[in-house]
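**Student:** Below is the structure I would like to discuss, written out as structure tokens.
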Amino acid sequence: MTGSNRGTGRAIRERLAADGFTVRCLNRSSCTDHRDPVTADLADGQAAFEAARTVLADVPALDLLVLNAVTRGLGRVDELDPRVWDEAVAVNLTANVRVIQAALPALRAAGGHIVLMGSHAGDRPFEGGMAYCATKAALKSVAEVLLMEERPNGVRTTLLNPGAIRNFDDDFSELKMSVESVASVVSWVVAAPADTVLGEVELRPARLGTPPAVGFERLQHV
């Protein structure tokens, strides 16, 4: 899996290991609590592809691929640094496609499962979120194409779209989901019966804060 060295990714890695999976990681920086011999610059699509092939060199069949790595560079359109946009496209989109391409032979051999970590931002754009929202929206198309092309080869794909997550150790908000809860949903998705596929799953925090406006006035906040 990618993006497994902190926050949500670390929780997913730990849950999958508890579920009995042998987890191999491909991150931009090494995990401090997990054997992680291969790292890659995920902003470089070819480097991501080659690193994924290295990680899977002795893996003839792959049951599960979780793609969680992300960059959240923000900025309004009129001030968005081109480097922020380029990195978002590279990490959030291109790296995912290239890692999938590297892993597909092993996934087909196992009848495996791909889990793409999307976001509410993919269909709920917000000011200052051009790069993040656009790349997460594009990820939905990647998931849909994979569903059409790879199910005949026995490979299932799920796009998981979470809302607000307590992704940092010092975040104690009761209006966000815990990383462990998101990991539990990944575990549940992967455990779906073999003759089904959860094509897209949306997660929202169970508690809701007060919106900036309600009723008719809320139209002004869309």
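What the sequence shown shows, in the working numbering, is residues 1100 to 1321, in sequence order. Heads up, the beta-carbon is just placed ideally off N, CA and C, and yes, glycines get one too.
In whole angstroms, what separates the C-alpha of F1225 from that of E1113?
**Tutor:** Cα to Cα, F1225 sits roughly 32 Å from E1113.
**Student:** How would you write the range of the alpha helix (DSSP H) that M1247 sits in, first residue to last?
**Tutor:** Element bounds for M1247: M1229 to E1249.
**Student:** Report, in whole angstroms, the separation of the C-beta atoms of N1260 and L1302, which I expect to be a contact under 8 Å.
**Tutor:** So it is a contact: roughly 7 Å between Cβ atoms.
**Student:** Give the range of the beta strand (DSSP E) segment to which L1203 is assigned.
**Tutor:** No beta strand (DSSP E) holds L1203; the alpha helix (DSSP H) holding it covers A1194 to A1209.
**Student:** Does the stretch 1286–1298 come close enough to the stretch 1123–1132 to have 3 or more Cβ pairs within less than 8 Å?
**Tutor:** The stretch 1286–1298 vs the stretch 1123–1132: no contact.
**Student:** By Cβ distance below 6 Å, which residues in the same chain neighbour A1242 in space, the five residues on each side in sequence not counted?
**Tutor:** So the qualifying residues of the chain are L1215, T1256 and L1258.
**Student:** Rounded to whole angstroms, what's the CA-CA distance from S1277 to F1267? Just pull it up for me.
**Tutor:** For S1277 and F1267, the distance between alpha carbons rounds to 10 Å.
**Student:** Cβ atoms of A1147 and V1137: under 7 Å apart, would you say?
**Tutor:** No. Outside cutoff.
**Student:** Just to confirm the assignment, what range does the beta strand (DSSP E) spanning T1257 have?
**Tutor:** Its beta strand (DSSP E) spans residues R1255 to P1261.
**Student:** Can you give me the start and stop residues for the alpha helix (DSSP H) that E1149 sits inside?
**Tutor:** G1144 to V1154 is the extent of the alpha helix (DSSP H) around E1149.
**Student:** Around the C-beta of L1274, are 16 or more other C-beta atoms found within 10 angstroms, so that it is buried, or is it exposed?
**Tutor:** By the neighbour-count rule (16 or more Cβ atoms within 10 Å), L1274 is not buried but exposed.
**Student:** Express the C-alpha separation of Q1319 and V1198 in angstroms, rounding to a whole number.
**Tutor:** In a straight line, the C-alpha of V1198 is about 41 Å away from that of Q1319.
**Student:** How is R1223 classed by DSSP in three states: helix, strand or coil?
**Tutor:** Here R1223 sits in coil by DSSP.
**Student:** Going by DSSP, which residues form a beta bridge with R1265?
**Tutor:** Beta-bridge pairing links R1265 to S1277.
**Student:** Roughly how many whole angstroms lie between the Cα atoms of A1156 and A1205?
**Tutor:** Spanning the two alpha carbons is a distance of roughly 10 Å.
**Student:** What do you reckon, are the CB atoms on I1213 and T1107 nearer than 7 Å?
**Tutor:** Not a contact, by the Cβ cut-off of 7 Å.
**Student:** Using a 10 Å radius around the Cβ and a threshold of 16 neighbouring Cβ atoms, would you call D1222 buried or exposed?
**Tutor:** D1222 should be labelled exposed.
**Student:** Sort D1135, T1193, L1163 and N1191 by Cα distance to G1253 and report the nearest one.
**Tutor:** Minimum Cα distance to G1253 is reached at L1163.
**Student:** With burial defined as no fewer than 16 other Cβ atoms inside 10 Å of the residue's Cβ, what is the status of T1121: buried or exposed?
**Tutor:** It counts as exposed.
**Student:** With respect to the beta strand (DSSP E) encompassing E1299, which residues constitute its N-terminal and C-terminal limits?
**Tutor:** Per DSSP, E1299 belongs to the beta strand (DSSP E) from E1299 to L1302.
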